[in-house]
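Structure record follows, encoded as structure tokens.
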Amino acid sequence: MVESGFKTKAQELIKLMVDTIADKEYAKLVSSIPPKLSWAAFIDAEPTSENACLGFGKWLVEQLAMWEEYEDKEFVVDHFQKSCMEDIDDTDEARLETYNSDVVCYRPMSFGEELDFWFEIEFFTEDGQIKAVFDVNI
Numbered sequence: 597m598v599e600s601g602f603k604t605k606a607q608e609l610i611k612l613m614v615d616t617i618a619d620k621e622y623a624k625l626v627s628s629i630p631p632k633l634s635w636a637a638f639i640d641a642e643p644t645s646e647n648a649c650l651g652f653g654k655w656l657v658e659q660l661a662m663w664e665e666y667e668d669k670e671f672v673v674d675h676f677q678k679s680c681m682e683d684i685d686d687t688d689e690a691r692l693e694t695y696n697s698d699v700v701c702y703r704p705m706s707f708g709e710e711l712d713f714w715f716e717i718e719f720f721t722e723d724g725q726i727k728a729v730f731d732v733n734i
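The sequence shown finishes on residue 734 if you use the working numbering, and the numbering steps up by one all the way, no holes.
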């Protein structure tokens with residue numbers, strides 16, 4: 597794999613993930629970049645990818661609602677903006693090839709203002725394919 601191949605694939609997956617979140621279609625995250633399985637605990641369910649997507653969605657809806665109540669303004673997750681994504685370069689591909697793991701951060705916005713959390717997207721290869729899961733850092 598060449599760097600531009602990983603970079604392109606990673607950006608495509610992150611865009612799909614962020615746009616799915618912005619569209620509030622959390623169950624569809626399973627087909628792009630799902631959250632880590634531990635998110636299923638947020639809905640007291642078995643740790644499956646599907647349940648993790650629903651658990652993350654529940655957390656996000658509640659988190660945004662809490663901020664809305666506290667700040668007295670609306671909060672959303674904006675659709676993908678390349679400027680919110682950490683640059684991906686040849687060291688990212690080297691880590692992926694050497695350790696089968698690389699983390700890329702994406703800092704989501706709400707109406708153009710940075711939110712108080714970011715996504716940590718862990719890329720890995722499985723059966724020759726680039727895959728990923730994400731977690732939230734607050």
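All residues carry an ideal CB built from backbone N, CA and C; glycine is no exception.
Worksheet entry | Straight-line gap, Met613 to Val672 (C-alpha atoms, nearest Å) | Reading the sequence shown from its first residue, position 17 is the one you call residue 613. Reading the sequence shown from its first residue, position 76 is the one you call residue 672. Distance between the alpha carbons of Met613 and Val672 is about 15 Å.
Fill in: Beta-bridge pairing of Asn718 - partner residues as DSSP gives them
Taking the sequence shown and counting its residues from 1, the one referred to as residue 718 is at position 122. Contrary to the premise, residue 718 reads as Glu rather than Asn in this sequence. Bridge partners of Glu718 according to DSSP: Val699 and Val729.
Worksheet item: Taking contact to mean at least 3 C-beta pairs separated by less than 8 Å, is the segment 707-717 in contact with the segment 633-645?
Response: Too few Cβ pairs lie closer than 8 Å, so no.
Worksheet item: Who are Ser706's beta bridge partners in DSSP?
Response: Taking the first residue of the sequence shown as position 1, residue 706 is located at position 110. DSSP lists Glu709 as partners of Ser706.
Discussion item. Let me make sure I understand the geometry here. Which of Asp683, Lys678, Val729 and Arg691 has the alpha-carbon closest to that of Met705?
Written reply: Counting from 1 along the sequence shown, the entry for residue 705 is found at position 109. Closest by alpha carbon: Lys678.
Item to complete: May I ask you to list the residues that DSSP assigns as paired with Met681?
Response: Working through the sequence shown from its first residue, we reach residue 681 at position 85. DSSP lists Tyr702 as partners of Met681.
Worksheet item: Around the C-beta of Pro643, are 16 or more other C-beta atoms found within 10 angstroms, so that it is buried, or is it exposed?
Response: As a working note, residue 643 is residue 47 in the sequence shown. Burial call: exposed.
Fill in: Euclidean distance between Cα positions of Met597 and Gly653
As a first step, residue 597 must be located in the sequence shown, where it is residue number 1. As a first step, residue 653 must be located in the sequence shown, where it is residue number 57. With a pLDDT of 42 at Met597, under the threshold of 50, the predicted position of this residue should be treated as unreliable, though the coordinate-derived value follows. Our two residues, Met597 and Gly653, have alpha carbons roughly 33 Å apart in a direct line.
Worksheet entry | Segment limits, alpha helix (DSSP H) that includes Trp663 | Counted from its first residue, the sequence shown places residue 663 at position 67. Where Trp663 is concerned, the enclosing alpha helix (DSSP H) stretches over Ser645 to Glu667.
Fill in: Selected residue, minimal CA-CA separation from Glu722, among Phe707, Asp731, Gly708 and Ser697
Sequence index remark: in the sequence shown, residue 722 carries index 126 (1-based). Ranking Phe707, Asp731, Gly708 and Ser697 by Cα distance to Glu722 puts Ser697 first.
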